[in-house]
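Peer 1: Right, I'll just put the structure down here and ask away after.
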Amino acid sequence: MLASGFNKNKFMDNLLISLATIFIISILIPNLGYKFISFFFTGTIPIINVTISPTISIILCILLVILIIFSIAINIAIEKITNKYLSLFLIKYIKRSKKKLKFN
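Counted from 1, the sequence shown has number 198 at position 96 by my numbering; the numbering is strictly sequential.
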């Protein structure tokens, strides 16, 4: 399902990749995934039983959005760098293969 629409909309792809990255990192750290998900939906941190004021939760949601935007920017930068070096490698390979064909 991801592969069928993977190249159609790059922004949504990068958003999906960044959300998946954040989710995987939160799962890998013990108990952080559960706390993150429950805090995001309820505004309370489980086990500690501390209720956070709405302004702090709004600030944390804004920080989450900023984190998502930065991860999208990093994904785009990595994609551009890999495309640049891949194209340079292919150009060198094609030039080498043309030289070999001329001498044979």
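Glycine included, every Cβ here is placed at the ideal spot set by N, Cα and C.
When you compare each of 163, 167, 160, 157 to residue 120 by their alpha carbons, which one comes out closest?
Peer 2: In the sequence shown, counting from the first residue as 1, residue 120 sits at position 18. Scanning 163, 167, 160, 157 for the CA closest to the CA of residue 120 turns up 167.
Peer 1: Measure how close the beta-carbons of residue 116 and residue 185 come, nearest whole angstrom, since I'm counting them as under 8 Å.
Peer 2: Numbered from 1 along the sequence shown, position 14 holds the residue referred to as residue 116. Numbered from 1 along the sequence shown, position 83 holds the residue referred to as residue 185. 14 Å between Cβ atoms; not a contact.
Peer 1: Near residue 164, what residues of its chain come up, given a Cβ to Cβ distance below 8 Å and the 5 sequence neighbours on each side ignored?
Peer 2: Indexing the sequence shown from 1 puts residue 164 at position 62. Excluding residues within five positions, none has a Cβ falling inside 8 Å.
Peer 1: Can you give the Cα-Cα distance for residue 195 and residue 160, rounded to whole angstroms?
Peer 2: For this step, residue 195 is matched to residue 93 along the sequence shown. For this step, residue 160 is matched to residue 58 along the sequence shown. Those two C-alpha atoms are separated by around 52 Å.
Peer 1: Kindly give me the distance between the Cβ atoms of residue 123 and residue 199, rounded to whole angstroms, as I take these residues to be in contact under 8 Å.
Peer 2: Residue mapping note: residue 123 aligns to position 21 of the sequence shown, counting from 1. Residue mapping note: residue 199 aligns to position 97 of the sequence shown, counting from 1. Incorrect: roughly 38 Å between the Cβ atoms, too far for contact.
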